[in-house]
Amino acid sequence: MSTDPQGFDSSAVTTWLRSVAPDAVASPLTATLITGGKSNLTYRVTDGVHDYVVRRPPLGHVLATAHDMAREHRVMSALASTAVPVPRMIALCDDPDVLGAPFYVMEHVDGTPYSRASQARSTRQRTHAGDHRTPGRHARRAARRRPPDHRAG
């Protein structure tokens, strides 16, 4: 009997991740669904030593362009060299045979996942120690940054 959350196969992801990043997995992975998302499924994954997050499209038929995991992975990877805080990308799997859809693995970063903007605003209003404008500054800085040219040649 599997204890995996719906849409996740710990054995398949463990095997795949070991094949692409052998040092990233010390023992078989276990996963829990991070609730509150609006569309893509997000899982907290651990092997007892490393903590990761896996993102994949929702279950069922979806438009590939609406839930493009490769694009999401590519954007976050590109932001890693900027002042925008993003988790470290571990690997992208574009083989739908592993989980039934493309997905990616990134490092887990402690924090609170919000499902509504009002939750973040409420937290920001209660927190006076931090500068709540910082995320907006990061977003504006990223918007001004010219994307890298990935064309061959």
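Residue numbers (the numbering used here): 245 to 397. Virtual Cβ for every residue (Gly too), placed ideally from N, Cα, C.
List the whole-angstrom C-beta distance separating residue i from residue j, where the pair is believed to meet the contact cut-off of C-beta under 8 Å.
{"i": "Asp291", "j": "Pro272", "result": "7 Å"}
{"i": "Pro301", "j": "Leu277", "result": "So it is not a contact: roughly 14 Å between Cβ atoms."}
Residues in its own chain within less than 7 Å of residue i by CB, not counting five upstream and five downstream?
{"i": "Ala314", "result": "Leu336, Asp338 and Pro346"}
{"i": "His372", "result": "With a pLDDT of 45 at His372, under the threshold of 50, the modelled position of that residue is not reliable, and the figure given next carries that caveat. Cβ neighbours of His372 beyond the five flanking positions: none."}
Whose C-beta lies closer than 8 Å to the C-beta of residue i among residues of the same chain, with five residues either side of it excluded?
{"i": "Ala324", "result": "Val330, Arg332 and Met333"}
{"i": "Val269", "result": "Thr258, Leu261, Arg262, Asp291 and His294"}
{"i": "Val319", "result": "none"}
By Cβ distance, which residues of its chain are closer than 6 Å to residue i, with the 5 residues on each side in sequence left out?
{"i": "Leu303", "result": "Gly251"}
{"i": "Val289", "result": "Leu273, Ala275, Tyr296 and Val298"}
{"i": "Val353", "result": "Pro331"}
When DSSP builds the beta bridges, which residues end up paired with residue i?
{"i": "Met350", "result": "Val297 and Met333"}
Roughly how many angstroms separate the alpha carbons of residue i and residue j, rounded to a whole number?
{"i": "Thr326", "j": "His317", "result": "15 Å"}
{"i": "Pro357", "j": "Ser283", "result": "14 Å"}
{"i": "Ser321", "j": "Thr247", "result": "31 Å"}
{"i": "Ala256", "j": "Tyr287", "result": "14 Å"}
{"i": "Leu285", "j": "Tyr348", "result": "11 Å"}
{"i": "Gly344", "j": "His311", "result": "13 Å"}
Would you kindly report the start and end of the unbroken beta strand (DSSP E) that includes residue i?
{"i": "Ala268", "result": "Here Ala268 belongs to no beta strand (DSSP E), and DSSP marks it neither H nor E."}
{"i": "Thr290", "result": "Leu285 to Thr290"}
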